[in-house]
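Participant: Dumping the structure here so I can ask a few things about it.
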Amino acid sequence: MKAIVITTAGGPEVLQLQQVEDPELKDDEVLIKVEATALNRADTLQRKGAHPPPKGASPYPDLECSGTVQAVGKNVSRWRVGDQVCALLSGGGYAEKVAVPAAQVLPVPLGVSLKDAAGLPEVACTVWSTVFMMSRLSAGETFLVHGGSSGIGTFAIQIAKAKGATVFVTAALAGKASFPTGNEEKLAFCKKLGADVCINYKTEDFVSRVKEETGGKGVDVILDCIGAAYLQRNLDSLNFDGRLCIIGLQSGAVTEIKLNTLLPRRLTVQGAGVRA
């Protein structure tokens, strides 16, 4: 098959289309003929040499794909040859075929094209596992997601609202291609998706705004992709029994916090990486 190979750590120019061996199908796996893939931050980090795939995973980039089932392992019962699916991957989506554990394969949702479905698994699995499985966000609680207009953010807004939570978001810097007029357009987009409180972090202190909107209590759950620079401020924004889940380190990995922030309000700090 053909696959995109990272020839050495570097910029996009290190990606090359090459002939490689077909994936070897294990008994609990599904072989997918790839229709489309998606681009995640993890893919760019892997290309730069900063995010290697787990041991035993495909060396080719990409954490999600969509396509048609071409073969199934002998222990797989749910999926059939010809099924249209999308999948969460530990790697290998930038190829004509990929072998995936059957438990990581998902049906294409009704009303979503096969191509568009390639962009769903990584955000869906990240948000569901961190916000609901780990942080136990429930109806009536308050939830803050940083980077509200990102892939993770837009999915988190919609599913948190569907589950009955009040949603706060902060907006990241605008990208000219999709949001040419700046932050305010991103905030309006988040509002359209259902966010209740939209905070422009360039002009507002999100801690003060969260406290103002919650009567001084803070929010129950925070999903954070920023890391070091936001850690203490996130803790200051949490309610009693609040839960912070860190999934990214865009501002760095090392910081200092006041441990006495945690004790009086019984705060929980946790982290997750879907690929691991």
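For our numbering, add 6 to where a residue sits in the sequence shown, where the first one is 1.
Heads up, the beta-carbon is just placed ideally off N, CA and C, and yes, glycines get one too.
#1: Quick one: which unbroken beta strand (DSSP E) runs of 3-plus residues sit fully inside the region 26-73? Chain order, please.
#2: What does a CB cutoff of less than 7 Å around T136 pick up in its chain, not counting 5 residues either side in sequence?
#3: Which residues mark the beginning and the end of the beta strand (DSSP E) in which G277 is found?
#4: Should D247 be labelled buried (16 or more other beta-carbon atoms within 10 Å of its own) or exposed?
#5: Which two residues bound the contiguous alpha helix (DSSP H) that contains C231?
#6: Suppose you measure from the CA of V175 to the CA of A48; what does that come to, to the nearest Å?
#7: Keeping to the same chain, check which residues put their C-beta closer than 8 Å to that of K8; ignore five residues upstream and five downstream.
#8: Report the CB separation of A234 from T261 in whole angstroms; it is logged as a contact under 8 Å.
#9: Is DSSP giving L21 helix, strand or coil here?
#10: Please name the residue or residues paired with V87 in a DSSP beta bridge.
#11: At 3 residues or longer, what runs of the beta strand (DSSP E) sit wholly inside the region 150-178?
#12: Taking DSSP's pairing of strands, which residues face L112 in a bridge?
#13: Start and end of the beta strand (DSSP E) containing D247?
#14: Of the residues S155, T148 and S96, which one's Cα is nearest the Cα of P127?
#15: Take E219 and list the residues in its own chain whose beta-carbon comes closer than 6 Å to its own, dropping the five residues that flank it on each side.
#16: Got a sec? Which residues, its chain only, sit under 7 Å from T132 by beta carbon, not counting five neighbours each side?
#17: So, with DSSP's three-state summary, where would you put K8?
#18: Give the straight-line distance between the Cα atoms of V20 and I10, rounded to the nearest whole angstrom.
#19: As a quick exercise: from D211, S141, K197 and F138, pick the residue whose alpha carbon is nearest that of T160.
#20: Alpha carbon to alpha carbon, how far is R86 from Y66?
#21: In angstroms, rounded to a whole number, what distance separates the CA positions of R53 and T43?
#22: Sorted by chain position, which residues of the same chain lie with C-beta nearer than 7 Å to C231's C-beta, five sequence neighbours on each side aside?
#23: Can you find the residues in the same chain that come closer than 7 Å, C-beta to C-beta, to A28, ignoring five residues on each side of it along the sequence?
#24: Report the three-state DSSP secondary structure of D226 (helix, strand or coil).
#25: Taking all protein chains shown into account, decide if N81 is buried (16 or more other Cβ within 10 angstroms of its Cβ) or exposed.
#26: Please report the distance separating the alpha-carbon of R272 from that of L120.
#27: If you follow the beta strand (DSSP E) that A259 is in, where does it begin and where does it stop?
Facilitator: Taking the structure as given:
#1: Segments of the beta strand (DSSP E) lying fully in the region 26-73: 35-43.
#2: L229, C251, I253 and A278
#3: T274 to G277
#4: Of the other Cβ atoms in all chains shown, fewer than 16 fall within 10 Å of the Cβ of D247; this residue is therefore exposed.
#5: Segment: none, C231 is in no alpha helix (DSSP H) and carries neither H nor E.
#6: Their backbone Cα atoms lie some 22 Å apart in a straight line.
#7: L23, Q24, Q25, V26, A101 and E102
#8: 4 Å
#9: strand
#10: Answer is none; V87 lacks a bridge partner.
#11: Within the region 150-178, the complete beta strand (DSSP E) runs of at least 3 residues are 172-177.
#12: In the DSSP output, where bridge partners are listed per residue, L112 has C92.
#13: L244 to I252
#14: Nearest C-alpha to P127 among S155, T148 and S96: S96.
#15: V203
#16: I158, I253 and V280
#17: Reduced to three states, the DSSP call for K8 is strand.
#18: 10 Å
#19: K197
#20: 25 Å
#21: 16 Å
#22: H152, G153, I158, I253, G254 and Q256
#23: This sequence places Asp at residue 28; Ala is not what is there. So the list reads M7 and K103, once near-sequence residues are dropped.
#24: strand
#25: Exposed: under 16 other Cβ atoms inside 10 Å.
#26: 44 Å
#27: That residue, A259, is in no beta strand (DSSP E); it is neither H nor E in DSSP.
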